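Structure first, commentary second.
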Amino acid sequence: MEFWNAKYLGSWHLEDTYLFVTLEPCPMCAYAMLQARMNKLIFGTLDPKAGAAGSIINILQDKRYNHQIEVVNGILEKECG
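Following this line, the structure appears as structure tokens:
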């Protein structure tokens with residue numbers, strides 16, 4: 814993701830970007846979102862086995878990082894589950 818951003822956007826930051834996904838991201842994906850400085854994650858359903866946006870851990874809103882991402886969940890939850 815960062816390579817694509819740098820090559821086509823001129824920066825590896827994705828500020829002012831929203832990501833829409835059906836399933837809560839895993840820890841590795843959540844950390845990549847933090848590194849890209851995304852603003853908001855919107856997802857459908859929680860992942861009780863590997864969720865990193867509130868189910869098991871909440872990497873995206875951890876105050877120890879210098880960037881936090883707004884999280885909205887439960888959008889079309891039944892259809893996504």
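Take 814 as the starting number for the sequence shown in this note's numbering and just add one per residue. By construction, the Cβ of each residue, glycine as well, lies at the ideal position given by its N, Cα and C atoms. A quick note: this is a predicted structure, and the numbers were derived from the prediction, not measured.
Cβ neighbour criterion (16 or more within 10 Å) applied to residue i
{"i": "residue 882", "result": "buried"}
{"i": "residue 870", "result": "exposed"}
{"i": "residue 833", "result": "exposed"}
{"i": "residue 846", "result": "buried"}
{"i": "residue 889", "result": "exposed"}
DSSP-derived helix/strand/coil call for residue i
{"i": "residue 866", "result": "strand"}
{"i": "residue 831", "result": "strand"}
{"i": "residue 855", "result": "strand"}
Beta-carbon gap between residue i and residue j smaller than 7 Å
{"i": "residue 893", "j": "residue 863", "result": "no"}
{"i": "residue 873", "j": "residue 837", "result": "no"}
First and last residue of the uninterrupted alpha helix (DSSP H) at residue i
{"i": "residue 891", "result": "890-893"}
{"i": "residue 847", "result": "840-848"}
For residue i, the first and last residue of its enclosing beta strand (DSSP E)
{"i": "residue 883", "result": "883-886"}
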